[in-house]
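Here the protein sequences come in this chain order: A and B. Numbering follows my numbering, with no gaps: position 63 of the first sequence is 175. Numbering follows my numbering, with no gaps: position 403 of the second sequence is 419. The beta-carbon is built from N, C-alpha and C at its ideal position, and this holds for glycine as well. Please read the structure below before turning to the comments.
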Amino acid sequence: MPIKNDDVIWMKPPQIGLFEQLYVPAILQGLQTTVEHSIKALFGKGQVTQQFPEVEPKLPANYRGVHRLNRDEQGRVKCVACYMCSTACPAHCIDIVAAPAPTDWHKDGREKYPETFVIDELRCIYCGMCEQACPVDAIELTTLYDLTGMSREEMMFDKEKLLSVFDETTKPNAKFPNPVRTKAGRLGVASELADQGLTSSSTAQS
Amino acid sequence: MATVYVSYTPKNDEKQPEGLIQATIGKETVALLPVEIGNEKLNCIQAAQKVGTQIPHYCWHPALTVVASCRMCLVEVGERKPDGAVVMQPRVVPGCQTPVKDGTVIVTTTAKVHGAQQQTLEGILLNHPLDCPVCDKAGECMLQDYTYGYGRATSRMIEQKNTPANKPNLGPNVSLFTDRCIMCSRCVRFTREVAGTAELQIINRGNHAEINVFPGEALDNKLASNVVDLCPVGALCSNDFLYKHRVWNLKTVDSVCPDCSTGCSIHLDGNKNIVYRLRPRDNPKAQGHFMCDEGRLGYGYVNSKDRILKPTRLGKAILWKDATKDIRETFELAAKKDGSTVAMMVSPWMTSEEALLLAKWARTLSRDVRLALGPVPTVGKDDHYPKDRRGNDLNSAPKFTIRAEKCPNKKGVSEVLKQFQLRLHTFEDLLSWVDAGQLQAVYLAAGYPPRGQGWITTEQADKFKKVQTVVVHDLATSPVSDIATWVLPAAAFAEKEGTFVNHAGLAQAVRWGVTPSGDCRTDGQVFLDLLQRRGLAHVGTLRKELAKEVRYFAPLAEGELGEYGIHLETPQGA
């Protein structure tokens, strides 16, 4: 249903009084945080510097790193080539060529599949819109963060490479565990993180 | 004169129109907007369209009979009596089946109508699989649009949905995704009423009804793919376009089908310099609502990599500026010696503006340069629809005609050439001049799409060996391009702008949907360069020039042709 005109509430920014218009109090308020942190750091309590790469950071499970293409139970690519991710992508970094699926997939209701699926990891801004748009949970952003390559071509991840990221992140004792955002049927995963002791790394290290 | 009253919903920021009449219907007050319909015979959907009110509908189509089976167009209907009292019928009625008369009141805004629309959609969606992500229709689907506009946000269906098996080869060009079908029966009526061959039917009953072909038949007639456009949902899909692209990525331009002289108005859908599909565009002046499969699927050569993509001289690639300069100088030299030894052929695939530019170039060379119309491909005879059940011709008035003349602009080019010389010479004349050894330099502006036997046979091409200079301006290699001195790449219909004149003298605008591939230039641009005129080929300016210089085209003096085109002759029967 489209939004009715009556249901739209127009918001306006609050009026600023003379005191707020001076901006000095707001600046001082901002500086207060800076000063607090620098004093903490001086006395060694609030150090946030990480000794990367000697010490690897522990990233939250909802960190948005390299993409992966998920496989279904039979090891086939889960993607149905609907182009939702490439449509949602604000950086236009996803290129899909769709094709009719092999005939033996039809019995499972799979009629369309991606013949090629390429993500330009250099152009990607890792916003996660693709996994939000995906109707079949086929594309996910993993916690794999240290992405390097010797050429631009190397950073164009094709279907095979994206599937290999899936294999890498789902094997037992994987260094980078499954991402937790888009598991179907579970909402508000981030709220469950605290219970699992998986809180954000910067606070965990303090 | 008849006045119909249609309920009016104010749109955002729109000034309230004058003449609104307030009426109380049930417990609601409705604003009614009077609209004059004259003596037209309209149903409620068409009458409401006159004031810009869309009544949602699936099964009704202006070119097909009314069945009122989808119940999507339910509206409240009543009458405004001469004394101003509005009396409504007690129930909602299908708008497609209800003709309007003087004083008819059509109300689409009451809770009763909204409820009816919502319940209809809920019923239609009961068995719909909602596989929009993989459905080719998604993005231009009337089921999506209406569900968004009039439907419920959620389904209350808790039973298993029906999942009848798909029929991937209903016909050579059409697939049926049976579970997506909403049983509007547009396709069935199309094959019975317009194509006449009646391959489709509804089998089973009630909840298990589905579209199918008669046993042992296939949906295989020359108009078959129109059922894909007619299908309001994604049940019937074109095999040619299946899974090729999502429709929201396509850029659409209005153009003209070049594959026969009917000149069907089309939408040309392309993206990233690839033409993905052609769709018919409603044009009451040209062909109506439909187009044939030959035209619809005949665009493949535009995307082909086997086209001529570079200008060449004796097989070696050269630059455009060298090519045009050398060609111009060679032809000037030949024409200076004797103008009648130079000839130019304009194919019926050139636009009228291109024909004008080439003819003008011929006249700047010499008054004696000979102009000839290229070969006009003709296949069989005109094919009229509807046919009878066995595919034989009927004697009734045709609803759709596929012409035997398989080129878009014979009329336009002929009229331009007639303006520049007294007699219209044919390709046979050109061959006889070549045979008689009268020609030194020949410019063949061909632009024929590569199909079938090609536009010139090897024997005909061999005759051109007698000619010293042959320039071939074409889409693909042909026997004559092998012996030509210069071979220039031509632009396909989807890459250029201009005017095509159909068999009945209707001038329609061709527009580019993709840019010319490779090093191609539009043909008009090449002719401008040969004429040594500055600037780019701007179609509006050239069309005005055409209207000024060729009397036949005088009605085009505005330079714009509008959505439906302009008649250059009085249409027959008018």
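Quiz item: Since Gln134 of chain B is in the alpha helix (DSSP H), which residue starts that stretch and which ends it?
Solution: In the DSSP assignment, Gln134 of chain B falls within the alpha helix (DSSP H) that extends over Ala127 to Leu141.
Quiz item: So what does DSSP say about Pro296 of chain B, is it helix, strand or coil?
Solution: Strand, per DSSP.
Exercise. Have a look at B:Asn189, B:Leu410, B:Ser23 and B:Pro296 and flag the residue whose alpha-carbon is nearest the alpha-carbon of Thr40 of chain B.
Key: Thr40 of chain B has its Cα closest to that of B:Ser23, out of B:Asn189, B:Leu410, B:Ser23 and B:Pro296.
Quiz item: Buried or exposed: where does Gly297 of chain A fall if 16 or more other Cβ atoms within 10 Å of its Cβ makes it buried?
Solution: For Gly297 of chain A, the predicted model reports a pLDDT of 43, less than 50, meaning its position is unreliable; a value from the coordinates is still stated below. The residue in question, Gly297 of chain A, is exposed, as its Cβ has fewer than 16 Cβ neighbours within 10 Å.
Exercise. With a 10 Å radius around its C-beta and 16 neighbouring C-beta atoms as the bar for buried, classify Asp498 of chain B as buried or exposed.
Key: It counts as exposed.
Quiz item: Which residues does DSSP pair with Arg386 of chain B in a beta bridge?
Solution: Residue pairing for Arg386 of chain B: DSSP places it in a beta bridge opposite B:Ala359.
Exercise. Please compile the residues from chain A whose C-beta is within a distance smaller than 8 Å of the C-beta of Arg262 of chain B.
Key: Per Cβ cutoff of 8 Å: Cys194, Tyr195 and Thr199.
Quiz item: For Pro115 of chain B, which of helix, strand or coil comes out of DSSP?
Solution: Reduced to three states, the DSSP call for Pro115 of chain B is strand.
Quiz item: Should Arg176 of chain A be flagged as near chain B, meaning a C-beta pair shorter than 7 Å?
Solution: Chain B contact via Cβ: absent.
Quiz item: Pick from B:Val362, B:Val555 and B:Ala64: whose alpha carbon is nearest that of Val20 of chain B?
Solution: Out of B:Val362, B:Val555 and B:Ala64, B:Ala64 has the C-alpha closest to the C-alpha of Val20 of chain B.
Quiz item: Applying the criterion that 16 or more other CB atoms from any shown protein chain within 10 Å of the CB defines a buried residue, is Lys238 of chain B buried or exposed?
Solution: Residue environment analysis places Lys238 of chain B among the buried positions, since at least 16 neighbouring C-beta atoms fall within 10 angstroms of its C-beta.
Quiz prompt | Complete alpha helix (DSSP H) runs within the stretch 304-354 of chain B (minimum length 4 residues, chain order) | solution = Look at the stretch 304-354 of chain B and you find these whole runs of alpha helix (DSSP H), each 4 residues long or longer: 309-312, 316-319 and 336-353.
Self-check item: Euclidean distance between Cα positions of Ala250 of chain A and Cys191 of chain A
Solution: Pairing Ala250 of chain A with Cys191 of chain A, the inter-Cα distance amounts to about 5 Å.
Quiz item: Using a C-beta to C-beta distance shorter than 7 Å, which residues of chain B count as neighbours of Leu226 of chain A?
Solution: The question names Leu, but residue 226 of chain A in the sequence shown is Pro. In chain order: nothing, as chain B lies at least about 10 Å away.
Self-check item: Minimum C-alpha distance to Asn2 of chain B - residue among B:Ala79, B:Phe206, B:Met199 and B:Gly232
Solution: Residue coverage of chain B in this structure runs from 17 to 590, which leaves residue 2 of chain B outside it and unanswerable.
Quiz prompt | Met88 of chain B burial status per 10 Å Cβ neighbour count (16 or more: buried) | solution = By the neighbour-count rule (16 or more Cβ atoms within 10 Å), Met88 of chain B is buried.
Quiz item: Can you find a C-beta in chain B that's less than 7 Å from the C-beta of Lys295 of chain A?
Solution: Interpretation of Lys295 of chain A is limited by its pLDDT of 49, a score under 50 that renders its predicted location unreliable; no figure is taken from the coordinates.
Quiz item: Buried or exposed: which applies to Gly128 of chain A, given that a residue is buried once 16 or more other Cβ atoms fall within 10 Å of its Cβ?
Solution: Checking the displayed sequence, the identity of residue 128 of chain A turns out to be Ile instead of Gly. Within a 10 Å sphere around the beta-carbon of Ile128 of chain A sit fewer than 16 other beta-carbons, which makes this residue exposed.
Exercise. Measure how close the beta-carbons of Leu438 of chain B and Gln524 of chain B come, nearest whole angstrom, since I'm counting them as under 8 Å.
Key: Not quite, the Cβ-Cβ distance comes to about 28 Å (not below 8 Å), so this is no contact.
Quiz item: Just the Cα atoms here: how many angstroms apart are Ala477 of chain B and Thr493 of chain B?
Solution: Annotation: Ala477 of chain B to Thr493 of chain B spans about 12 Å, alpha carbon to alpha carbon.
Quiz item: When you check each C-beta in the stretch 208-224 of chain A against every C-beta of chain C, which residues fall closer than 7 Å?
Solution: Of the protein chains in this structure, namely A and B, none is chain C.
Exercise. Out of A:Pro212, A:Asn182, A:Phe288 and A:Val178, point me to the one whose CA is closest to Val150 of chain B's CA.
Key: Comparing Cα positions, the closest option is A:Pro212.
Practice problem: Output yes or no for whether 7 Å exceeds the beta carbon distance between Ile206 of chain A and Pro226 of chain A. | Solution: Taking 7 Å as the Cβ cut-off, Ile206 of chain A and Pro226 of chain A do not qualify as a contacting pair.
Self-check item: Cross-chain neighbours of Pro247 of chain A in chain B, by beta carbon under 7 Å
Solution: The answer, in chain order, is Pro149.
Self-check item: Cβ shell of Thr7 of chain B (< 8 Å), same chain only, five flanking positions each side left out
Solution: Because chain B spans 17 through 590 in this model, residue 7 of chain B falls outside it and cannot be assessed.
Quiz item: Pro114 of chain A to Gly165 of chain B, Cα distance in whole Å?
Solution: Rounded to whole angstroms, Pro114 of chain A to Gly165 of chain B spans 6 Å at the Cα level.
Quiz item: Is DSSP giving Asn287 of chain B helix, strand or coil here?
Solution: Strand.
Quiz item: What number of angstroms, rounded off, separates the C-alpha of Gly100 of chain B from the C-alpha of Thr120 of chain B?
Solution: If you draw a straight line from the Cα of Gly100 of chain B to the Cα of Thr120 of chain B, it is about 12 Å long.
Quiz item: Can you tell which of B:Lys301, B:Asn265, B:Pro300 and B:Ser277 has its C-alpha closest to the C-alpha of Leu284 of chain B?
Solution: Minimum Cα distance to Leu284 of chain B is reached at B:Asn265.
Quiz item: Does any CB atom of chain B fall closer than 7 Å to the CB of Ser313 of chain A?
Solution: At Ser313 of chain A the pLDDT is 38, less than 50, meaning the model places this residue with poor confidence; the figure from the coordinates comes in the next sentence. No, Ser313 of chain A does not count as interfacial toward chain B.
Exercise. Measure from the C-beta of Tyr259 of chain B to each C-beta in chain A and report whether the shortest distance is under 7 Å.
Key: With a threshold of 7 Å between beta carbons, Tyr259 of chain B makes contact with chain A.
Quiz item: Which same chain residues, not among the five before or five after Lys397 of chain B, have their C-beta less than 6 Å away from its C-beta?
Solution: Within the same chain, Ala420 come within 6 Å of Lys397 of chain B by CB-CB distance, once the 5 residues on both sides are set aside.
Practice problem: Tell me whether the beta-carbon of Gly463 of chain B lies closer than 7 Å to the beta-carbon of Ser363 of chain B. | Solution: In contact: Gly463 of chain B and Ser363 of chain B (Cβ atoms closer than 7 Å).
Practice problem: Mind checking who Ala523 of chain B pairs with in its DSSP beta bridge? | Solution: Ala523 of chain B is bridged by DSSP to B:Val517 and B:Ile582.
Exercise. Give the DSSP-derived three-state secondary structure of His441 of chain B in the structure shown.
Key: For His441 of chain B, the secondary structure class from DSSP, reduced to helix, strand or coil, is strand.
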